[in-house]
Structure formats: C-alpha cells, structure tokens
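S.K.: The structure under discussion is supplied below as structure tokens; questions concerning it will follow.
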Amino acid sequence: VHRYVEGVLELRKRRGGDEFSLYLNPNLEHYFFFKRNVLRFYSTEKSYMDAILATDTKKRSLPAKDGLPYYTYVTTTRGNMKRFLDGLEEIIDSEDEK
382 VHRYVEGVLE
392 LRKRRGGDEF
402 SLYLNPNLEH
412 YFFFKRNVLR
422 FYSTEKSYMD
432 AILATDTKKR
442 SLPAKDGLPY
452 YTYVTTTRGN
462 MKRFLDGLEE
472 IIDSEDEK
C-alpha cells in the first residue's frame, strides 16, 4: 500500500458499458480486464493463478442484490495480456510518427 508501481491503466467508454484494463509490472506481470461486471485476471505469478483456479466458481461470484449488479471474477490468458500490450505499442508508435 502507498507505493508507486510501474503500469498502464486504460479506461474505455463503450455503448455496452464502460471497461478498463490495468497492467502492472513491478517484478511480476499482473493484468486485469473489467467488462460487464466480469473481472478477468492474469499473472505470471503461478501461485496467484492457482489460488483463483482453486476457488470454487460459486465463491467467485456475487449475485445481484439490493440494486447492485451481478459480479464475478475469472482468470484470463497470457495471450489476452499480450494483445493489450501490443495495442499499446501500436498507439505509442503512431504517436511517435506525428
């Protein structure tokens, strides 16, 4: 808590709902993607991934209640993290050309 960490946060406003991607890379890579009440997570730290996968899927979700929407979290893949990072490189490259 209360530390500076190298990373990238991308917020997107979409018709189907807002979404965000968060990439952190202090020593290990962590990637979060949130869209339509589903949080997807990937880490190069195997123990984090194993902990999520070991958690029963029913315990990784909260039903809609008291006006709050349904929410769940799941793992995602290194490929999805890589696609996000590749998209950032394209943006950086196009800005450098200007």
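Each residue of the sequence shown is one higher than the one before, counting from 382 in the numbering used here. For glycine and all other residues, C-beta sits at the position ideal for the given N, C-alpha and C.
(1) Less than 7 Å between C-beta atoms, sequence neighbours within five positions excluded: which residues of the same chain meet that for R459?
(2) Check whether the stretch 407-419 and the stretch 449-469 are in contact - that is, three or more C-beta pairs closer than 8 Å.
(3) Quick check on E400: does DSSP put it in helix, strand or coil?
(4) May I ask you to list the residues that DSSP assigns as paired with S442?
(5) Can you find the residues in the same chain that come closer than 6 Å, C-beta to C-beta, to R417, ignoring five residues on each side of it along the sequence?
M.R.: Reading from the atomic positions:
(1) Y423
(2) yes
(3) strand
(4) T453
(5) G398
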